[in-house]
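Q: Residue numbers (our numbering): 4 to 197. Cβ coordinates follow ideal geometry from the N, Cα and C atoms, glycine included.
1) Where does the unbroken beta strand (DSSP E) through residue 142 begin, and where does it stop?
2) Which residue or residues does DSSP assign as beta-bridge partners of residue 246?
3) Go through its chain and collect everything with a Cβ distance to residue 118's Cβ below 6 Å, but skip five positions before and after it.
4) Based on DSSP bridge pairs, tell me the residues matched to residue 72.
5) By how many angstroms is the C-alpha of residue 66 removed from the C-alpha of residue 94?
6) Hey, quick one: how far does the alpha helix (DSSP H) through residue 3 stretch, first residue to last?
7) With a threshold of 16 other CB atoms inside 10 Å of the CB of residue 103, please say whether the residue is buried or exposed.
8) Rounding to the nearest angstrom, what Cα-Cα distance links residue 2 and residue 41 in this structure?
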């Protein structure tokens, strides 16, 4: 589950990795090849890594996968955007911006209202429970406004879902953080972690 947004030679994604709603880590889902192509991948991790490796050489077609829950994006240095569905390319995009993943609708709405790709992903991360982590992007814009690789921290946004849990929903007890994971008070002592 992810969100990837593209607009104005910039591709941005969240970093949250989850498996059917369980957080399993964080990963960069967008990148820039050594020769200046941008790529983005969302969906199944088993399809993302082979696509990222393929993007470096772009020899033949990308690795095939069941495209039901994955989308891969490739942007040439000339700005041509290609969307790989797992079995074929979608070219061109229907408008000058687009978004993919479970936060797609929120990101598309943000960009339709004038937001850039970063803001689109920020909004998806605020309101879609399957999007989150850092907002990470790569761009071909050389003017310093967006240096090639940027991690933006949202200072004025509402807290991310990771910061929300303060009370255990099942029994109303306070939650204590243990190694960045919220667990019910007393859980770590019972597990011998404190």
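A: For this structure:
1) First-last of the beta strand (DSSP E) with residue 142: 138-142.
2) Nothing about residue 246 can be reported from this structure: the residues present for the chain run from 4 to 197 only.
3) Taken in chain order, the list of residues that qualify is empty.
4) Beta-bridge analysis with DSSP links residue 72 to no other residue.
5) If you take the alpha carbons of residue 94 and residue 66, they lie about 18 Å apart.
6) Outside the shown range of the chain, which is 4 to 197, sits residue 3, and nothing can be said about it.
7) Counting the other CB atoms within 10 Å of its CB gives residue 103 a total of 16 or more, which places it among the buried residues.
8) Outside the modelled stretch of the chain, which goes from 4 to 197, sits residue 2, for which no answer is possible.
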